[in-house]
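Novice:
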Amino acid sequence: MKKSSLLLLSIIFSLMTFNLWAKGEVTVYKRPDINSLQSFFNPLNFFNRAACAKESKTPSRSALFLLDNVNLGRTLYRVAQNQNLNKNEFVRSGIYHYRKTFLWVAKLIHQRLQSGRLPLLTSDLNEDDDLKIYHQINKSCMLDQNCTSLDQYISKFWSSTTNFTGYEKQHLALFKTIDNFSKKDFLDAHLKQKGELKWHCHRLHKFSKVNGQLFATKLESLELGQIVADLQDLEQNLTTCEESLAEIDNLKNAVYQIELETNEEDKWEDLGFDYWHSFKLYLRYALKHSDHHASISGIYHHIFKEINLEDSLLMIPLGCENITKPKCDQESLSLNSIRELAKNTLDQLDPKLDYLQPLSLGPEDQMLLTPTPDVNTDILNLSQELNADIWASKFKEKLSTKGSLLKQDLLSAISFYQILSSKVNFARYSKDLALNIEEKLKVKDDEIHYLCREFAAYDTSGASLIKNELSLLKTKNYLDSLTTDLVKMETSEFLSLFEKLASFVNTLCTQPKLNKYYASKETPKPEGFFPWYIKKFSLNAKSDLALSLDKAFSAGKEPYLYFNFADFLTPGLAEDKDVLCFSPISCARNSLKHIINIYHALEYSKAFVALGDSIKSPALFNPYTERTACGVYDPWYKTKYTIVNFFSNLTQAAISTFTPGLVYTQFHLEPKQVLSMKQLIDEGKIEYDVNYSKQKIKTELVASLGPLLGIPCSVSISNFDSKAMHMYQFGGVSLSQCHQNSKHKLFVSSSGEITPNEPASYSQCFSCSLNFETVTLLSNNPVLAKAGPVYYLIRAFVGLIKGFRDNVNVPKSQEVDLYYLLESYRKFGEINKECIKRLRDGKVCQKDACENFYVKMFRQLDIYNVEKIDHSKYFTAKNPHNYNEVHVSQRGCKSPTIIETNGTCFDVVNVRKAKDCAP
Amino acid sequence: MKGIIKILVLFFWSLSLQALEVKQNWLTPIKGKTISFICAANESLCYELCENSSCTFKESACYDCIGDNLELQFFFNYIGRMITTDLSSEVSTSEIQDFFAHEPFISIDQKSPYNVYHGVQDKSLALQFQSLCPKSLNQMIFYQMDGQGYLEEYRYLLCSYDSETKFYRLRLDPKVNL
C-alpha cells in the first residue's frame, strides 16, 4: 500500500515538474515592442478610507520632494545685479547647480544611512533613552528656532563617516565617545544585507495613473489598462533625476519622486520614520555645513549654504503612508491644514479657507467639522492639471502668499505693541481717548458704537472666546521664541498692556452718559466693524468698510499715530500705509484687532512660518493622518463594532437557548438611563416563558453575563417608538473603551484649543450599554419566544457579513506591482482576464508558474525587453553538466540570455546574461 | 533731452567725488562672501580700518537667510520705521575696526540679495534706507551674526557722504509721530 502510494505520488510529481518546465516550450511575447519597466516603483496600494487611515501610521516608501527655487532665483538675480553679471544666465546656471547639488547630497545621505555610516536618530523622543545627549539636545531645542546644538552634535561624527563602511567596532568606538550609540542605531545592522534599501529618484513631470493610488480607493474604478497605457508613456511623465538636470524648463520648482526599495517590510515599518527623520536632519546639516559637495555647487557653494531649506523643500508622502510619525498636536494639525492650499481647483486663495478668516476656527475645529472627508479620490484635484510643475508652482505660490500675509499681520501686531509700549504714554493716551469719545458723543458718530461693541465682545461672557484665546496666548512661549529677537518685548508684556487698555476702554464705554447716546443711535452699519467682529457675530455685512470708515471718522485731521520716517521729504504728511491709527479710538480698536491677528498667526504658524528648524512633510494625500492620531476617526471601529456585535448576538443566542422568551417589559426604559442587568433581575422586571422557573432564568443569566451582570450600563434602545407599548427585547451588551495613554494625548476644550496633557496624566474612559429593541409585534403575547436563539444566530451572521461588506469603514486594500502588470501585458498583448485577480493582489501573472518565477528573476537581474522564452533547448556545448536550458531572447540583443536549471525550473543553477545587447 | 544729459553728467561727477566705494563680493568659492572698502585719497577710513587704501573683510555665512526668514522680513519692512539711528551719536572708527576684526557679520544694503520680500525697484524701501541718513549717497548696514552663522542683531549703519564716511549705531526705536 505504502509503495503504491509513493509510486503514484512520484508519477504525479514528475508530471507536474515536467509540466512546469516543458509546457508550451516556446513562449512568444505578443507585445515585445513595448519596453519593460526598468525604473523601480513601489507597488501601488489602493486603500479605502479605513485602510488609508490605518496606513497613516506606516512609514512611506514613496515621496514627492517639492523643491522650490523662487526665493533662490530672487537672490541669484540680485547677486548677479550686484556683481554685474548676466542675470538670466546666472540665475539659470545657479538653479541648475542647486538642483544638482540637492539631488547629490540627498542621495549621499541615503547611502550613508543605509550603509550604516550615519546612525539613525530617532523621531520619537520618548521611545529610546539610550542616546542621552541627543535626547537632551532635542528637548532644549523645542523652543529654539536655530537649534545649533543639534548641528554641533552631528558635526562630531559627520566628517569621520566618509571613511566608514558601517557600524564596525572601530566606528562604534568613536560613536560611543559622542553618545551612547550601539549597533541597533545603525540601519545596516537591521538589514539582512547591505544595499537592501535602494534609492530611486525621478523628476515627475505629470501625474498619471502610474500614481493611481491617489486617484482611486479600489481597482474596479481604475482599469488596469489605464495604468498600462500610462506606463507605456512613462517617459512623458517622468525622467530619471540625472537626466532631468539638463531640463531647466521650469525655474520656479521641480518635483522629484523618490522610491525606496526594500524587501524587508517589517524592518521598514519599525525604522522608516526614524530613517526619514534622520534623513531630514542630515540633509539640512550637509547642505549647510558640509563642503563635501563644493565641487558640484561651484561658485554658488556659499550661496546655497544660506538657503532656508525648510522654506524651499517640502517632502510629501505619496499616498496614505507618512514620512513623519502622526501626532495630534497643534504643529501637526497646522501643518497638515495646508492640504487645502494644495487643491488644484484653487487658482486663487479660496476666501472660505479658515486661514483667510479674520477670526479663524483653528485647525482643530476645522478637522472636527469634517470628520470623514474623502480620500484617494483625487482629493487634490490633480486630474484637472496633471502637470506636476504647474501644480507645485500654484501650491507653493498660495502657500507663500498666505504665509506672507500671516507674517505681515504678526509683524504689524508686535510692532504696534512695541510702539504703544515705548512711545505712547498711557496716561496721556487715556486722556486723549476719553477726549476723543467726548468729541464723538457730540457729533454722535458711529465710531463709539464700533469701539464699545468690539471691546464688549472681548469682555462679555457671550463672546468669551476671545478672552480665552488671549489667556492661551500667555501660556505660549512659542510666541516669545518668534518675536523677542525682533522687538525685545515678551508676550506677557504686550498682553498686559492690552488688558490695561481694554479695561480702560470698557470703563469708558459703560459710563452712564453713554446710555443716552446708545438709546438715540440706530444700530450702525455692520460693514464698519472690523472683519473679525463681523465673522464672530455672523453679521450681514456685504463689504469691508472698517478701514475706510476708520479714516473717514478722522477726516481732515492729522493721524493720531504714524511712522514719520519720510518726514525729510514731505514733513507732516503720512501715507495711509504708515498710519498706525487715525485717532485714539482707532488705536484702541487696532490694539484688539492686532491681538486677534497674533492668535490667528500662531495657530497656523507651523504651516506658514519657516523657522529653519525642520523640513516640512505634510500628509497632503491623507486627511485621516490627523484624524486617526487625534482619535476623530478609528480605522478599526467598524471592524471592532462588527465583531463585538457578532459575539454579542452569539451570546444572546446562547442565553436565549436557556432562557427562551426572555423579554423585558412592563417597566419604563429610558434611553441613557443607567441600569445594571442585576438590578433588572432583582426588581423582577423580566417577563419570561411561564414554562421556565424564575430562578432558573436568573441562574442562567448570571452564568451567561457573568461579571457584566452588575456593571451599571447606559440603556440604549433602538427602534425606539414612543407610541409603542413598552416591550423590549434584550439585544446584547456592548462595551467600548477609550484608552489614551499615548505620548500625544490631548484634551479638546470647547474653544477648540488643543493642549497637551501633563506628562504624568493619564486619561481613560469606559462605557457600557445595555442594548434593547422595542418589539411591537410581540406586544400581544410577549412570552411567545419569537426572539429565540435562531433569531439571534441569524442576526449575528447577517450583521457580520453586512459589517464586513462595508467598503469604506472596514480596511480594504489592493496592490498592483507595475512591473508585473506591464510584463503580463507584454506577454498576452492585453490584460488577461484570468490574470486580473492575481495582478490586483500584487502578484506576477505570466503563462505559468515557471514563467512567473522567471519574470521575478528578470527584474532582479536587470533582464529587460524579453521577446521570447524558449524551453525547447536542452543541452549545449556550453552546458557540460547536462542542465536544462531556457533561452530568453531580448529585444536589442543578438544572443539569448541562458538560464540553466536542474530538474525543475525553480532550481536555477546559473544564468548567463546576453552580452551583446544594444545600449 | 538736454536736461537728462545734464542730470547724468552731474550724477557721474558726484560718483567720481565719492570718497568711499563699497564692494560686496558674493562669489569667492573658498572664502565665502567678502566686503571691500576702497577709499579715495581724501578718505581716511581705509587707513584707519586696515592701514591701506582699500580693505577687504570676510563676511559670515548667514544661515537660513535665503528664503523665508521672519527676522529679515521684519528688518526689511521696518528699517527706517522701527529700526532707526541717532545721527547725533557717531560711532568711532576704532569700534568699527574692532567689530570687523572680531565679530562675525554680514552687510546689507537696499539691494541686498537677502531681500526676497521687495521688488528690485521698490521705491519705498529705497526711501526707508535713505531716511536713515537722508543726506548720504549710500547706506550700508552691518548685521552681527552669532558664532554659528545665524542672525543676531543689526548693529551699525554706514552712511557715505560726498567727502566723508560715518558710522552710527542702529537701534529699535520707532520713528513715529503722536
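Those sequence lines, one after another, are chains A and B. Plus 20 on top of the position in the first sequence (first one is 1) and you've got our numbering. Plus 463 on top of the position in the second sequence (first one is 1) and you've got our numbering. Even for Gly, the Cβ is constructed at its ideal location relative to N, Cα and C.
#1: Give the DSSP bridge partners of ARG630 of chain B, in chain order.
#2: For ALA589 of chain B, decide whether its Cβ has a neighbour in chain A, counting only Cβ atoms nearer than 8 Å.
#3: Under 8 Å by Cβ, that's how I've got LYS152 of chain A and CYS221 of chain A pegged, so tell me the actual separation to the nearest angstrom.
#4: Does the CB of CYS622 of chain B have a neighbour CB from chain D at under 8 Å?
#5: If you compare alpha carbons, which of B:PHE539, B:LEU508, B:GLU627 is closest to PHE563 of chain B?
#6: Tell me which residue opens and which closes the beta strand (DSSP E) that ASP88 of chain A is part of.
#7: Going by CA-CA distance only, name the one from A:LEU379, A:ASP88, A:LYS50, A:ASP936 that's closest to TYR624 of chain A.
#8: Residues of the region 44-77 of chain A in Cβ contact with chain B at a cutoff of 7 Å, in chain order, please.
#9: Beta carbon of LYS660 of chain A: closer than 7 Å to some heavy atom of the ligand SAH?
#10: Would you identify the three-state DSSP class for TRP489 of chain B, choosing helix, strand or coil?
#11: Looking only at its own chain, which residues have a Cβ that is under 7 Å from the Cβ of GLU558 of chain B, when we skip the five neighbours before and after it?
#12: Closest Cβ-Cβ distance between ASP527 of chain B and chain A: below 8 Å?
#13: Indicate whether ASN257 of chain A and VAL230 of chain A have their beta-carbon atoms separated by less than 8 Å.
#14: Any beta-carbon of chain B closer than 8 Å to the one on GLN438 of chain A?
#15: Quick check: what's the CA-CA separation for SER403 of chain A versus LYS857 of chain A?
#16: Can the beta-carbon of SER915 of chain A be found less than 8 Å from the beta-carbon of ASP936 of chain A?
#17: Tell me GLU835 of chain A's beta-bridge partners as DSSP assigns them.
#18: Taking only runs of the alpha helix (DSSP H) that begin and end inside the region 409-434 of chain A, which ones reach a length of at least 4 residues, in chain order?
#19: So what does THR79 of chain A bridge to, in DSSP terms?
#20: Kindly indicate which three-state DSSP category THR645 of chain A falls into: helix, strand or coil?
#21: Helix, strand or coil for HIS220 of chain A? Go by DSSP, reduced to three states.
#22: Of the residues that make up the region 318-330 of chain A, which ones have a beta carbon closer than 9 Å to any beta carbon in chain B?
#23: How long is the line joining the alpha carbons of CYS340 of chain A and ASN68 of chain A, rounded to whole angstroms?
#24: Using the Cα positions of VAL929 of chain A and LEU333 of chain A, report the straight-line distance between them to the nearest angstrom.
#25: Are the C-beta of LEU633 of chain B and some C-beta of chain A separated by less than 8 Å?
#26: Is DSSP giving LEU506 of chain A helix, strand or coil here?
#27: Thinking C-beta only, is LYS598 of chain B closer than 8 Å to TYR624 of chain B?
#28: Report yes or no: do three or more beta-carbon pairs, one from the region 254-274 of chain A and one from the region 102-118 of chain A, lie closer than 8 Å?
#29: Please classify ASN55 of chain A: does DSSP put it in a helix, a strand, or coil?
#30: Using a cut-off of 8 Å between C-beta atoms, extract the partners of PHE195 of chain A located in chain B.
#31: So with Cβ pairs under 8 Å, would you call ASP505 of chain A a contact of chain B?
#32: Please confirm whether PHE85 of chain A and ILE316 of chain A have their CB atoms less than 8 Å apart.
#33: From B:LEU595, B:THR497, B:GLU506, B:CYS513, pick the residue whose C-alpha is nearest to that of CYS525 of chain B; which is it?
#34: Do the region 550-558 of chain A and the region 573-589 of chain A meet, that is, are 3 or more Cβ pairs less than 8 Å apart?
#35: Using the C-alpha atoms, what's the distance from PHE514 of chain A back to LEU569 of chain A?
#36: When you compare only the Cα positions, how much space is there between ASP349 of chain A and LEU389 of chain A?
Specialist: Looking at the coordinates:
#1: The residue asked about is misnamed: residue 630 of chain B is Phe in this sequence, not Arg. PHE630 of chain B is bridged to B:VAL554, B:LEU621.
#2: no
#3: At roughly 36 Å, the Cβ-Cβ gap does not stay under 8 Å, so LYS152 of chain A and CYS221 of chain A are not in contact.
#4: The question asks about chain D, but that chain is absent: this structure's protein chains are A and B.
#5: From the listed residues B:PHE539, B:LEU508, B:GLU627, the smallest Cα separation to PHE563 of chain B is found for B:LEU508.
#6: 82-88
#7: A:LEU379
#8: none
#9: What this structure holds is no ligand at all, so the ligand SAH is not there to describe.
#10: coil
#11: The same chain holds no residue with a CB closer than 7 Å to that of GLU558 of chain B once the five nearest residues on each side in sequence are set aside.
#12: yes
#13: Yes; because the gap between Cβ atoms is below 8 Å, this pair is in contact.
#14: Answer yes: the Cβ-Cβ gap between GLN438 of chain A and chain B drops below 8 Å somewhere.
#15: 27 Å
#16: Their beta carbons are under 8 Å apart, which means SER915 of chain A touches ASP936 of chain A by this criterion.
#17: According to DSSP, GLU835 of chain A bridges with A:ASN65, A:ASP861.
#18: none
#19: Going by the sequence as given, residue 79 of chain A is Pro instead of Thr. DSSP lists A:ASN342 as partners of PRO79 of chain A.
#20: helix
#21: strand
#22: GLY318, ILE319, TYR320, HIS321, HIS322, ILE323, PHE324, LYS325, GLU326, ILE327, ASN328, LEU329, GLU330
#23: Looking at the two C-alpha atoms, the distance is approximately 10 Å.
#24: 48 Å
#25: no
#26: helix
#27: Going by beta carbons, TYR624 of chain B and LYS598 of chain B fall inside the 8 Å limit.
#28: yes
#29: coil
#30: Per Cβ cutoff of 8 Å: no residues; PHE195 of chain A is ~23 Å from chain B at best.
#31: With a threshold of 8 Å between beta carbons, ASP505 of chain A makes contact with chain B.
#32: no
#33: B:THR497
#34: no
#35: Roughly 27 Å separates the two Cα atoms.
#36: 17 Å
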